[in-house]
Amino acid sequence: MAKKLSKALRGKRRWFGVAVSPQIETRKELENSLQQLQVILACDKKIRLMDFFSSTNDVAKLAHTNLNTSLPSHSLQGDEGFAIIQVPHEVSAEFRKLLDNESGYSEYSMMSVSMSGKIRLIRQRLNLPKPKRTDR
């Protein structure tokens, strides 16, 4: 059995909570968009989609009601879906610049709403549940 890496030697990452355009309805469509961003950022480590709630999902609708009070600086229409994305630390600043404004939303169909080093904090801020674990 291989020796476990210490925390210092493991890869660093940032978690992004993003609002997703209603035009993206499936997980596969969002993963394709993330692959395009990975190419633009010239990142050799994978940008991973962790959680996705489309705009038609009840969870996304519930999250909108809480976001209007907690994150008033973002101009959300109320019909977006939400996703949590794992981004390697090396490209997190560039990733945020691409998705931090309205032009990023129109170009990539995503807008960054929250960022943290812990996925738990993103779920709290966006009021998203932890998905049930499925056996592979």
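Each position in the sequence shown, counted from 1, maps to that position plus 1028 in this note's numbering.
Don't be surprised by glycine CBs; every beta carbon is placed ideally from N, CA and C.
Taking C-beta atoms as the reference points, M1143 and R1042 count as a pair closer than 8 Å. Around the beta carbon of A1091, 16 or more other beta carbons sit within 10 angstroms, so the residue counts as buried. Taking each of A1088, V1067 and G1045 in turn and checking the Cα distance to R1124, the smallest one comes out for G1045. Remark: C-beta atoms of L1069 and E1122 approach each other more closely than 8 Å. Between L1065 and E1135, the alpha-carbon positions lie close to 11 Å from each other. Here Q1051 carries a coil assignment [DSSP, helix/strand/coil].
For R1148, the enclosing alpha helix (DSSP H) begins and ends at I1147 to L1154.
According to the DSSP assignment, S1120 belongs to the alpha helix (DSSP H) that extends over S1120 to L1127. Note on geometry: alpha-carbon atoms of V1141 and P1050 lie some 16 Å from one another. Taking the CA atoms as reference points, K1073 sits about 11 Å from Q1114.
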